[in-house]
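Contents: one structure, followed by commentary.
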Amino acid sequence: MILEKYSFGIGDRFCHQGKAQLSALIKAKEQGLSITPVWNKSHREHKIIGTKPADTRKEALDAVKTLQWDGPYFVDADHIGPGNVDQFIESSDFFTLDVADFIGQPADKADVDDFVKKYSKYIGSLPIEGIERNLDITDERIRAIAGKFLLAVRQAGEIYRHIAQAKGAGNFITEVSMDETDQPQTPVEMLFILAAIADEGIPAQTIAPKFTGRFNKGVDYVGEVTAFAKEFEEDLAVVAFAVKEFGLPGNLKLSIHSGSDKFSIYPPIAAALKKLDAGLHIKTAGTTWLEELIGLAMAAPDGLSIAREVYAEALNRFGELCGPYATVIDIDTAELPTADEVDEWDGQSFASALRHDQSCGQYNPNFRQLLHVAYKIAAEMGTRFSDALDRHEAVIAQNVTENIYERHVKPVFIGSP
Ligand SMILES: [Zn+2]
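Residue numbers for the sequence shown follow this note's numbering, beginning at 10 and rising by one.
See below:
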């Protein structure tokens, strides 16, 4: 199985918006742009919401059938590890091997020595096409990288072989993710991580590094856009080099996690993809759940009252909901409206505070981030919430499709004219 040049992770918390999401990629297709949909969902999300991997497969199948999508599509077991991979084997054909927990765990000394010896030919000043300055590679640097990442990559190899044994090699797409760690990986680290991935025989088609800057949930990028742009271009150049040098799959590309809503870096991403003729995978799961809430808010009074209830409960359980996401949200609690204030809002005000439109004076990124992590509340409402999604499907779908197409697909893959 080959993942095409452009692909889009349209994870969906409640497995309800498959059709609305796919509609956005159909719009892209009508513009001559071919993007493969990938429905991704992690074990963590399934657990919080109470869904099963088979539900994601069913959502994808329903969407593809109803909208007569005849292109490829995949179901991604997102951020899986040795402890939970088995639950995903049957329904997934895309596996994101998360080995971040093993980064920094010391590898066997003999393994490190072998690795350093094998790659000592790169020691010195290494020119890479597309990177302005040569990379400065020393024996110590390779040793440090091997010490930090070798064990994690070995772990990825083990999970890969486990899946390959069950499904047959070539019957699924493999991604290696290292984004959920505290330090971003440099292009030099990326180069030797890819070397280690090749050594393990993992036919990775996507790799998700941790990039510089903050990728907070549901809001714009926080950091120096020029620093990100430089790093992103260098990563693309390293990937292209590694493909040739280490014999990795020719379509290997970067995967951006927490990729939704990072509007300020989309222009440099689009420019770099064009400049280097590179592919991209981008995951955007959380943004669709917020569009569901926006759609509900616009469906007053019934939908709006549910949206208000989710917010009031999120305020009550602030610590519990924000705790697990502490490293990927920045909420200024002084800027959060009270539940009483929100009770006075009409649907339009709720939607405007929540919708990610930075030119709108009512947009409140604190309100948005809190609701982003509040999907657990909606999950606890059970059928009361899912029935409301069904009742107000039309208005919700319109918001979901428009958000993905206008605010994500267009700026990332089409760029400015
Ligand atoms: Zn991730």
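All residues carry an ideal CB built from backbone N, CA and C; glycine is no exception.
E322 is not a Cβ neighbour of I405, given a cutoff of 7 Å. Between A308 and H365, the CB-CB gap reaches or exceeds 7 Å. In this structure, A161 places its C-beta atom within 7 Å of the C-beta atom of F111.
Cβ-Cβ distances below 7 Å link T60 to C24 in the same chain, with the five nearest sequence neighbours on each side left out; the list follows chain order.
Neighbourhood of ligand 1, defined by CB distance below 5 Å to any of its heavy atoms: D188, H266, in chain order. Distance from the CA atom of V231 to the CA atom of V247, rounded to whole angstroms, is 24 Å. Residue burial annotation: P218 is buried, with at least 16 other C-beta atoms found within 10 angstroms of its C-beta.
The C-beta separation of Y15 from F272 comes to about 19 Å, leaving the pair out of contact by the 8 Å criterion. V185 sits away from R152, with the two beta carbons spaced by 7 Å or more. For G27 and E301, the gap between their C-alpha atoms comes out near 12 Å.
Contact between A165 and L106 holds: CB atoms are separated by about 5 Å, below the 8 Å threshold.
Membership of E184 in the beta strand (DSSP E) is indicated by the continuous run 182 to 186.
Within the DSSP bridge table, the entry for F103 names D85, I182 as partners.
The beta carbons of H171 and V73 sit about 28 Å from each other, so the pair does not count as a contact at 8 Å. The residue from I11, D286, T45, K130 with its alpha-carbon nearest to that of G139 is D286. Boundaries for P374: no beta strand (DSSP E) harbours it, while the alpha helix (DSSP H) harbouring it runs 374 to 381, taken from the DSSP string. If the five residues before and after D120 are omitted, its C-beta is found closer than 7 Å to the C-beta atoms of L159, all from its own chain and listed in chain order. T45 and G80 do touch by the CB rule: their CB atoms are close to 7 Å apart, below 8 Å. Within 10 angstroms of the beta-carbon of N408 lie 16 or more other beta-carbons, which makes it buried. Less than 7 Å divides the Cβ of F237 from the Cβ of G222. Under DSSP, H290 forms a beta bridge with S16, S264. Taking C-beta separations shorter than 6 Å and ignoring five residues to either side along the sequence, the partners of E344 in its chain run N375, following chain order. In this structure T297 is buried. Its beta-carbon is surrounded by 16 or more other beta-carbon atoms within 10 angstroms. With respect to F103, I168 sits apart: the two C-beta atoms are not nearer than 7 Å.
Rounded to the nearest whole angstrom, the C-alpha separation of T392 and S314 is 15 Å. S51 sits in a strand when the DSSP states are folded into three classes. With respect to the 7 Å criterion, I413 and Q378 are not classified as neighbours on the basis of their beta carbons. T392 sits in a helix when the DSSP states are folded into three classes.
Pairing D229 with L144, the inter-Cα distance amounts to about 31 Å. The Cβ atoms of I137 and F250 sit closer than 7 Å to each other.
Counting only residues of its own chain and dropping the five nearest sequence neighbours on each side, M10 has a CB closer than 7 Å to the CB of D102, G179, N180, F181, I182. Taking a C-beta distance under 7 Å as the contact criterion, A388 and I58 qualify as a contact pair.
Excluding its 5 nearest sequence neighbours in each direction, D71 has C-beta neighbours in its own chain below 8 Å: G27, K28, listed in chain order.
V404 carries a helical assignment under DSSP once its states are collapsed to helix, strand and coil.
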